[in-house]
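For reference, the structure discussed in these notes is given below.
Residue numbers (our numbering): 1160 to 1304.
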C-alpha cells in the first residue's frame, strides 16, 4: 500500500513511495487546502502589517521627534478607516454572487451603531477628527448593509 501525503499548500497529492504525483486532489481536499492557505496568508499579512506599523512608528519617533500622543492622534483615524473598509471585500463577493449566501448582518449593524454613537460623541466634544472618521464609518457600514 502506497503512503500518500497531502501537500496542503498546492492542493496536489503526491505518492511518496512511487514518486508519482502531481494529479489534483479531490474537491474536498482542494477546498480544505485552499482554506488553510488562505488562513495562513491572512495571518502572514497581519504579521507584515504589524511589523510595517512598528517600523513606521520607530522612524517617526526617532527622526521626527513626535510624541506618542501626537502619533496616536494621527494613526488612530487612519487605522480606523482601514477597519471600516475591511467589509468591502464581502460586498464585492455578494455583488459577484448576486446572493447574500452566508452573509451575517449583525456585525455590520453593530459597526454602524458604534460609528453613529462615536460620531455623536464627537459632535458633543466638537472634535472634527472623531466626527469625520466615524461619519465615514457610518457611510461604509450603510453601503455594506
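Glycine included, every Cβ here is placed at the ideal spot set by N, Cα and C.
Because the structure is a prediction, the values reported are computed rather than measured.
Q.
Quick check: what's the CA-CA separation for residue 1252 versus residue 1258?
A. On the chain shown, residue 1252 is found 93 positions in, with the first residue counted as 1. On the chain shown, residue 1258 is found 99 positions in, with the first residue counted as 1. As the crow flies, the alpha-carbon of residue 1252 is around 9 angstroms from that of residue 1258.
Q. Given that a residue counts as buried once 16 or more other Cβ atoms are within 10 Å of its Cβ, and exposed if not, what is residue 1280?
A. Residue numbering aside, residue 1280 sits at position 121 when the chain shown is read from its first letter. The residue is exposed, with fewer than 16 neighbouring Cβ atoms inside 10 Å.
Q.
Distance check for residue 1242 and residue 1255, CA to CA, integer angstroms please.
A. In the chain shown, residue 1255 corresponds to position 96, counting from 1. In the chain shown, residue 1242 corresponds to position 83, counting from 1. Rounded to the nearest angstrom, the two C-alpha atoms are 22 angstroms apart.
Q) Thinking C-alpha only, which one of 1249, 1270 and 1269 is nearest residue 1261? A) In the chain shown, counting from the first residue as 1, residue 1261 sits at position 102. The candidate whose alpha carbon is nearest that of residue 1261 is 1249.
**Q.** Same chain, Cβ closer than 8 angstroms to residue 1264, neighbours up to 5 away in sequence not counted
**A.** The residue you call residue 1264 lines up with position 105 of the chain shown. If we look at residue 1264 and ignore the five residues flanking it on each side, its Cβ neighbours are 1304.
Q.
Output needed for residue 1297: all residues of its chain with C-beta closer than 7 angstroms, excluding positions within five of it in sequence on either side, in chain order.
A. To locate residue 1297, count along the chain shown from 1; it is residue 138. So the qualifying residues of the chain are 1271, 1274, 1275 and 1278.
**Q.** Which of helix, strand or coil DSSP assigns to residue 1262
**A.** In the chain shown, the residue the question calls residue 1262 occupies position 103. Coil at residue 1262, not helix or strand.
Q: Check whether the Cβ atoms of residue 1219 and residue 1230 lie closer than 8 angstroms to each other.
A: Taking the chain shown and counting its residues from 1, the one referred to as residue 1219 is at position 60. Taking the chain shown and counting its residues from 1, the one referred to as residue 1230 is at position 71. The Cβ atoms of residue 1219 and residue 1230 sit closer than 8 angstroms to each other.
Q. In the structure shown, what three-state DSSP assignment does residue 1286 receive?
A. Position 127 of the chain shown holds residue 1286. Residue state, collapsed to three classes: coil.
Q. CA-CA distance, residue 1244 and residue 1234?
A. Against the chain shown, residue 1244 aligns to sequence position 85. Against the chain shown, residue 1234 aligns to sequence position 75. Going from the Cα of residue 1244 to the Cα of residue 1234 covers about 16 angstroms.
Q) With respect to the alpha helix (DSSP H) encompassing residue 1229, which residues constitute its N-terminal and C-terminal limits? A) Working through the chain shown from its first residue, we reach residue 1229 at position 70. Counting along the chain, the alpha helix (DSSP H) containing residue 1229 begins and ends at 1227-1244.
Q: Express the C-alpha separation of residue 1239 and residue 1213 in angstroms, rounding to a whole number.
A: Within the chain shown, residue 1213 is the residue found at index 54, counting from 1. Within the chain shown, residue 1239 is the residue found at index 80, counting from 1. Computed Cα separation, rounded: 17 angstroms.
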